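Asker: One structure coming up, written as structure tokens, with questions to follow.
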Amino acid sequence: MADQRPLLTLKKTFFYNFFPSKAEEEACKVNNTPHVVTRELVEIRDLYPAPKIILQNPWQIKKKITHDEIVVGMLMIPFFEMFEYILRYWTLEMAKTLENSCIVCVDMWDVTERNVSKKYEGGSVWLRKVYNDDFALWCIELFKDRGLGDGDEIGLYWDPRFSCLVFKLLS
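Here you go:
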């Protein structure tokens, strides 16, 4: 994929509404309540192309697994990495579903063993936004199959060709 033209993607970002409309302002006066700043997920043209996926080392999200992640069977994905490396390839509707704290099922390939890849179907793998604007990847079956331990380093990336996550135990 590195030798192809860059994918044209729209970047997801938040639009914050700091200024109330006249109607909202009047409603706040009548109800004697302050204006609440709201935010909405929108798409914008990115000034820069999407990060290139180099197939020899495609792991855009690398992390060490923590004890807490093992106990609950979820991998935490930080806000920035989720928006930069995964959500930019999703439709706005899918991203909004995830942003509204709904569960979004995804397919994931475990390519740790080169010749024997294993696919985890959407029902056993899903993403969800958590309270601090980070995201959780639920994949308890993968934790059990791989025997993942505290301090193991893993790599993840979203493959836009097949619309799925790709996982590898790096060390």
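If you're matching positions, the sequence shown starts at 744 in this note's numbering and goes up one per residue. The beta-carbon is built from N, C-alpha and C at its ideal position, and this holds for glycine as well. Just so we're clear, the structure is a prediction, and the values are computed from it rather than from any experiment.
Taking the alpha carbon of G816 as the reference point, which residue from F886, A766, G894 and N858 has its own alpha carbon closest?
Answerer: In the sequence shown, counting from the first residue as 1, residue 816 sits at position 73. Of F886, A766, G894 and N858, the residue nearest in Cα terms is F886.
Asker: Let me know the secondary structure DSSP gives K795 once reduced to three states.
Answerer: Position 52 of the sequence shown, counted from the first residue, corresponds to residue 795. Three-state result, K795: coil.
Asker: Alpha carbons only, please: which of T809, V779 and S844 is nearest the one belonging to G894?
Answerer: Position 151 of the sequence shown holds residue 894. Out of T809, V779 and S844, T809 has the C-alpha closest to the C-alpha of G894.
Asker: Nearest-angstrom Cα distance between A793 and R831?
Answerer: The residue given as residue 793 occupies position 50 in the sequence shown. The residue given as residue 831 occupies position 88 in the sequence shown. A793 and R831: Cα-Cα distance of roughly 8 Å.
Asker: Kindly indicate which three-state DSSP category T840 falls into: helix, strand or coil?
Answerer: If you number the sequence shown from 1, residue 840 lands on position 97. Reduced to three states, the DSSP call for T840 is helix.
Asker: Inspect the CB distances between the region 771-782 and the region 864-876 and report whether three or more fall short of 8 Å.
Answerer: No: fewer than three Cβ pairs fall under 8 Å.
Asker: Please confirm whether S906 and K872 have their CB atoms less than 9 Å apart.
Answerer: As a working mapping, residue 906 is identified with position 163 in the sequence shown. As a working mapping, residue 872 is identified with position 129 in the sequence shown. Against a cut-off of 9 Å, the Cβ pair of K872 and S906 comes out as no contact.
Asker: Distance, Cα to Cα, T840 vs D877?
Answerer: Translated into the one-based positions of the sequence shown, residue 840 becomes position 97. Translated into the one-based positions of the sequence shown, residue 877 becomes position 134. For T840 and D877, the distance between alpha carbons rounds to 15 Å.
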